[in-house]
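To start, the structure itself, in structure tokens.
Residue numbers (the numbering used here): 87 to 351.
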């Protein structure tokens, strides 16, 4: 084999290696672009807003935040990328005009929207998610269960076996009803978190479209729950008189707050 032929083969081999390397480099570059694009798309799809965040470590900072109600996860955008925080890692944050606190709930932690915070009581709202579904199942002592189609975080459906009177949901004889949970309202007094009302949709009928007798019945049910929360007979008598005089819808968080302000200074 002549040197020229040998050289030609080396050059040919080098060209093939260069071509393969160039092809591999292009593939790697394309893969990196796809990865960065997916991250950019995710960041674009999430709606971030600049607001305050206090972590469990005590660190307070103003960051770009996005709160996913369904998964109960707080996403923070920083120079390093996107970071996700669970309720256990966060003390509080502000988002879309509301303050959220992380509180012990259902053998773990969960975020609650603060509707009112006073020196004697606080009213908190919990949008429907898997944590709230599990809470209802446990509190119902087996009379409620999570429906099979509730594995989708956006589909918060409870099914009934035999509904207990403590929840006051309607029972449909001869069929198993499904309840699409929307949110729940809690009152915090004396370090205790107490469920007082909840909103759900049953077979397409929203429960907030009710008649006056139904309103009176649900107010009585809610007052019975508040009796355990308030724990003071004199205050409860005052609250009952206010409810009867004003015919306030205590299922409405704003009217509930107004009513509680009459017994708490």
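Heads up, the beta-carbon is just placed ideally off N, CA and C, and yes, glycines get one too. Model, not experiment: these values are computed from the prediction.
**Request:** Could you give the DSSP three-state label for residue 175: helix, strand or coil?
**Result:** Of the three classes helix, strand and coil, the one that applies to residue 175 here is helix, per DSSP.
**Request:** Apply the 10 Å Cβ neighbour rule to residue 111 and answer buried if 16 or more other Cβ atoms are within range, or exposed otherwise.
**Result:** Low per-residue confidence applies at residue 111: pLDDT is 46, beneath 50, and the placement is therefore not dependable enough to give any value.
**Item:** Whole-Å CB distance - residue 191 paired with residue 160, under 8 Å assumed
**Value:** Not really, about 15 Å apart at Cβ, beyond 8 Å.
**Asked** So, using beta-carbon positions, are residue 209 and residue 339 closer together than 8 Å?
**Response** Note that the C-beta distance between residue 209 and residue 339 is below 8 Å.
**Item:** DSSP beta-bridge partners of residue 194
**Value:** Within the DSSP bridge table, the entry for residue 194 names 191 as partners.
**Request:** Would you grab the beta carbon distance between residue 188 and residue 195 for me? Rounded to a whole angstrom, and I think it's under 8 Å.
**Result:** The beta-carbon distance between residue 188 and residue 195, rounded to whole angstroms, is 5 Å. This is short enough to meet the 8 Å contact definition.
**Message:** Within the continuous beta strand (DSSP E) that includes residue 135, where are the two ends?
**Reply:** Taken as a continuous stretch (DSSP letters only), the beta strand (DSSP E) holding residue 135 covers 135-141.
**Request:** Could you check which residue in 225, 177 and 214 has the C-alpha nearest to that of residue 193?
**Result:** Nearest in C-alpha terms to residue 193, of all of 225, 177 and 214, is 225.
**Message:** On the DSSP bridge list, what partners appear for residue 284?
**Reply:** Paired residue(s): 270.
**Message:** Can you tell me whether residue 318 is buried or exposed? The criterion is at least 16 other CB atoms within 10 Å of its CB, across all chains shown.
**Reply:** Looking at its Cβ environment, which holds fewer than 16 other Cβ atoms inside 10 Å, residue 318 is exposed.
**Asked** Does DSSP classify residue 215 as helix, strand or coil?
**Response** In the three-state DSSP reduction, residue 215 falls in the coil class, being neither helix nor strand.
**Asked** Taking the alpha carbon of residue 269 as the point to measure from, which residue in 244, 146 and 231 has its own alpha carbon closest?
**Response** Cα-wise, what sits closest to residue 269 is 244.
**Message:** Considering just the uninterrupted stretch of the alpha helix (DSSP H) at residue 132, what are its terminal residues?
**Reply:** Membership of residue 132 in any alpha helix (DSSP H) is not indicated, and neither H nor E is assigned to it by DSSP.
**Asked** So what does DSSP say about residue 329, is it helix, strand or coil?
**Response** The DSSP-derived three-state label of residue 329 is helix.
**Request:** Please name the residue, chosen from 165, 171 and 213, that lies closest to residue 155 on a Cα-to-Cα basis.
**Result:** Considering only alpha carbons, the answer is 213.
**Item:** Counted within 10 angstroms of its Cβ, other Cβ atoms place residue 215 as buried (16 or more) or exposed
**Value:** It is buried - the Cβ of residue 215 has at least 16 other Cβ atoms within 10 Å.
**Request:** State buried or exposed for residue 242, treating a residue as buried only when at least 16 other CB atoms are found within 10 Å of its CB.
**Result:** Counting the other CB atoms within 10 Å of its CB gives residue 242 a total of 16 or more, which places it among the buried residues.
**Message:** Quick check: the Cα distance between residue 133 and residue 323, rounded to an integer number of angstroms?
**Reply:** So the alpha carbons of these two residues sit roughly 46 Å apart.
**Request:** Would you tell me roughly how many angstroms separate the C-alpha atoms of residue 218 and residue 307, rounded to the nearest one?
**Result:** Approximately 20 Å, taken between the alpha carbons.
**Message:** Classify residue 206: buried if its beta carbon has 16 or more other beta carbons within 10 angstroms, exposed otherwise.
**Reply:** It is exposed - the Cβ of residue 206 has fewer than 16 other Cβ atoms within 10 Å.
**Asked** Which value, in whole angstroms, describes the spacing of the CA atoms of residue 314 and residue 165?
**Response** Counting only the Cα atoms, residue 165 lies some 48 Å from residue 314.
**Asked** Excluding sequence positions up to five away, which residues of its chain have a Cβ less than 6 Å from the Cβ of residue 163?
**Response** Only 134 and 150 meet the Cβ criterion.
**Prompt:** Ends of the alpha helix (DSSP H) at residue 341?
**Reply:** For residue 341, the uninterrupted alpha helix (DSSP H) segment begins and ends at 339-347.
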